[in-house]
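K.L.:
Let me give you the structure first, and then I'll get to my questions.
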Amino acid sequence: MDPDSGFDGDRTHGDGVDYARERDAADPLAAFRDRFDVPGEVYLDGNSLGPISDAAEASLDRAVEEWRELGIEGWTEADRSWFWYGESLGEDLAPLVGADPDEVVVANSTTVNIHTLVGTFLDALEDRPPGILVNDLDFPTDHYAIRAQLRQRGYDPDEHLHLVESRDGRTIDEADVVDALEAHDIGIVFMPSVLYRSGQLLDLERVTEAAHDHGALAGFDLAHSVGVVPHDLSSHGVDFAVWCSYKYLNAGPGAIAGLYVDERHHGTTPALAGWWGHEKETQFELRETFTPADSAGAWQIGTVPVLSAAPLAGALEVVHEAGIDAIREKSLALTSYLISLVDGNLADLGCSVATPREPERRGGHVAITHPEAERVSEALRDRGLVVDFRPPNVIRVCPAPLYTGFEDVWEFAEGLREILVEREYEHVDADSTVS
Numbered sequence: 001m002d003p004d005s006g007f008d009g010d011r012t013h014g015d016g017v018d019y020a021r022e023r024d025a026a027d028p029l030a031a032f033r034d035r036f037d038v039p040g041e042v043y044l045d046g047n048s049l050g051p052i053s054d055a056a057e058a059s060l061d062r063a064v065e066e067w068r069e070l071g072i073e074g075w076t077e078a079d080r081s082w083f084w085y086g087e088s089l090g091e092d093l094a095p096l097v098g099a100d101p102d103e104v105v106v107a108n109s110t111t112v113n114i115h116t117l118v119g120t121f122l123d124a125l126e127d128r129p130p131g132i133l134v135n136d137l138d139f140p141t142d143h144y145a146i147r148a149q150l151r152q153r154g155y156d157p158d159e160h161l162h163l164v165e166s167r168d169g170r171t172i173d174e175a176d177v178v179d180a181l182e183a184h185d186i187g188i189v190f191m192p193s194v195l196y197r198s199g200q201l202l203d204l205e206r207v208t209e210a211a212h213d214h215g216a217l218a219g220f221d222l223a224h225s226v227g228v229v230p231h232d233l234s235s236h237g238v239d240f241a242v243w244c245s246y247k248y249l250n251a252g253p254g255a256i257a258g259l260y261v262d263e264r265h266h267g268t269t270p271a272l273a274g275w276w277g278h279e280k281e282t283q284f285e286l287r288e289t290f291t292p293a294d295s296a297g298a299w300q301i302g303t304v305p306v307l308s309a310a311p312l313a314g315a316l317e318v319v320h321e322a323g324i325d326a327i328r329e330k331s332l333a334l335t336s337y338l339i340s341l342v343d344g345n346l347a348d349l350g351c352s353v354a355t356p357r358e359p360e361r362r363g364g365h366v367a368i369t370h371p372e373a374e375r376v377s378e379a380l381r382d383r384g385l386v387v388d389f390r391p392p393n394v395i396r397v398c399p400a401p402l403y404t405g406f407e408d409v410w411e412f413a414e415g416l417r418e419i420l421v422e423r424e425y426e427h428v429d430a431d432s433t434v435s
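Numbering of the sequence shown is given in UniProt numbering, commencing with residue 1 and proceeding in unit increments.
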């Protein structure tokens, strides 16, 4: 086992659950579990929706009380001024993505942010053919938005959207991104930081450097990494990025999304302009001409939804208290432990790991393949072991570090083993539900 994983692989199977309990007893983040209301017996679906924390609930309650007590005065008199809410929360988020405060804002939804940022930079290409490079393992909404932005400019997506194909159906080789840049006239590279099915973590620095070497811009979807993987967007020269806040950031269902725009692009007119992205100093003069804020705040569109943004304030308090580096260290230890249990206890029962084993190539979740993955996932949920399924054969397991321990991982692996040995999944009617 790689020493950087924070996991002593030699002891796993011999010590059984005692090893897990020993690791939990020594875990510096163990106390954070008490700050979350965790559904189910073991909740391993935080890469889809994180649970509520005491701090997130408190910040939501605070916003509700400010609404009750201040009414419209909350826009200026709230503890965290609603008028500057997006920028203020962006400042809190900036250290997690390695950016300056004015390069980050919370706004819109992830898909809307893809629309406005991809559209913005398509327009910035001017007369250059607008080739956009993506990959065939992306979450589909990314492609929906990009194809729509191409169509709105009169370009055929089938001609201008280029796919990097996976060699194994699970991962993307960064060398193939480089090859595609050399083979096509590309203006924008847009990739996920972590592939949503397999959990592969791409090398953002390498992809960005390759894009820039070929005269292209580099953008990323950080939905499956923000809050569990530290990033250095500014130092890597990333042009733009988007993410959600309801996964590892634990800000709640439908919580406001976030975006990053490198300072060298500030002042660019957004493709989807709205009054909340206007420069703040003159926003309420209600001028006929849009003047974008000279910051990432320009890519806000409509009025900030305070009640769907408020939980993020408290959620970020928890993340910063724990520390993103400590979160990453524990995440790698937990996923390494899970991989070892699959290899040692489940491989003979038809399970295999589809996630890269190298720590530096792995995000926060592990993809386990099995021919009956859908029905097995339902059987796990019936036992209170909450995971999710991705077609055709992937069980996604997310031991999120703030509220998951080593014993949770052990209990999951034992539950999965029992389901497979007893063939419990044969009594489950798969309903094709994914989350």
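A virtual CB, placed ideally from N, CA and C, is assigned to each residue, including glycine. The structure presented is a predicted model; accordingly, all values stated were derived computationally and were not measured.
Assign residue 121 to one of two classes, buried (16 or more other C-beta atoms within 10 Å of its C-beta) or exposed (fewer than that).
P.N.:
By the neighbour-count rule (16 or more Cβ atoms within 10 Å), residue 121 is buried.
K.L.:
Quick check: the Cα distance between residue 19 and residue 30, rounded to an integer number of angstroms?
P.N.:
For residue 19 and residue 30, the distance between alpha carbons rounds to 15 Å.
K.L.:
Determine the contact status of residue 89 and residue 247, defining contact as a CB-CB distance below 8 Å.
P.N.:
Not a contact, by the Cβ cut-off of 8 Å.
K.L.:
Comparing C-alpha positions only, which one of 309, 374, 144 sits nearest to residue 62?
P.N.:
The shortest Cα separation from residue 62 among 309, 374, 144 belongs to 309.
K.L.:
Between the alpha carbons of residue 236 and residue 94, how many angstroms are there, rounded?
P.N.:
Spanning the two alpha carbons is a distance of roughly 14 Å.
K.L.:
Measuring CB atoms only, is the stretch 202-212 touching the stretch 53-70, in the sense that at least three cross pairs come out at less than 8 Å?
P.N.:
In short, these stretches do not touch, since the Cβ pair count stays below three.
K.L.:
From residue 256 to residue 274, what does the alpha carbon distance come to, in whole angstroms?
P.N.:
Approximately 16 Å between the Cα atoms of the pair.
K.L.:
On the CB-based measure, 16 or more other CB atoms within 10 Å of its CB, does residue 416 come out buried or exposed?
P.N.:
Classification for residue 416: buried.
K.L.:
Under the assumption that residue 229 contacts residue 328 (Cβ atoms under 8 Å), give the Cβ distance between them as a whole number of angstroms.
P.N.:
Confirmed, Cβ separation roughly 6 Å.
K.L.:
Cβ of residue 243 less than 8 Å from any chain C Cβ?
P.N.:
The structure shown contains no chain C, having only a single protein chain.
K.L.:
Could you tell me the boundaries of the beta strand (DSSP E) in which residue 410 lies?
P.N.:
That residue, residue 410, is in no beta strand (DSSP E); its alpha helix (DSSP H) goes 406-422.
K.L.:
Ignore the nearest five residues each way along the sequence and tell me which others in residue 242's own chain have a CB closer than 6 Å to its CB.
P.N.:
110, 113, 114, 221, 259, listed in sequence order.
K.L.:
Given residue 146, which residues of its chain have a CB within under 8 Å of its CB, disregarding the five upstream and five downstream residues?
P.N.:
Within the same chain, residue 146 has close Cβ partners 114, 118, 132, 134, 157, 161, 190.
K.L.:
Can you give me the Cβ contacts of residue 24 inside the same chain, cut-off strictly under 8 Å, excluding the 5 residues immediately before and after it?
P.N.:
So the list reads 30, 405, 406, 407, once near-sequence residues are dropped.
K.L.:
By the DSSP assignment, the alpha helix (DSSP H) with residue 327 in it spans what residues?
P.N.:
Note, residue 327: alpha helix (DSSP H), 324-341.
K.L.:
Just the C-alpha distance for residue 99 and residue 143, rounded to the nearest angstrom, thanks.
P.N.:
Distance between the alpha carbons of residue 99 and residue 143: 26 Å.
K.L.:
Roughly how many whole angstroms lie between the Cα atoms of residue 434 and residue 251?
P.N.:
Because residue 434 sits at a pLDDT of 43, beneath the cut-off of 50, its placement in the model cannot be relied upon, and the following sentence gives the value as read from the coordinates. Near 20 Å, if we compare the C-alpha coordinates of residue 251 and residue 434.
K.L.:
What residue range is occupied by the uninterrupted beta strand (DSSP E) comprising residue 221?
P.N.:
Segment 217-221, the beta strand (DSSP E) holding residue 221.
K.L.:
What does the Cβ neighbour count give for residue 359, buried or exposed, with the cut at 16 atoms within 10 Å?
P.N.:
Label assigned to residue 359: buried.
K.L.:
Spatial neighbours of residue 54 within its chain, please: C-beta separation below 6 Å, excluding the five flanking residues on both sides.
P.N.:
Excluding residues within five positions, the ones whose Cβ falls inside 6 Å are 35.
K.L.:
Just list the residues that DSSP pairs residue 369 with in beta bridges.
P.N.:
For residue 369, which the question treats as bridged, DSSP gives the partners 352, 394.
K.L.:
CA-CA distance, residue 419 and residue 140?
P.N.:
If you take the alpha carbons of residue 419 and residue 140, they lie about 31 Å apart.
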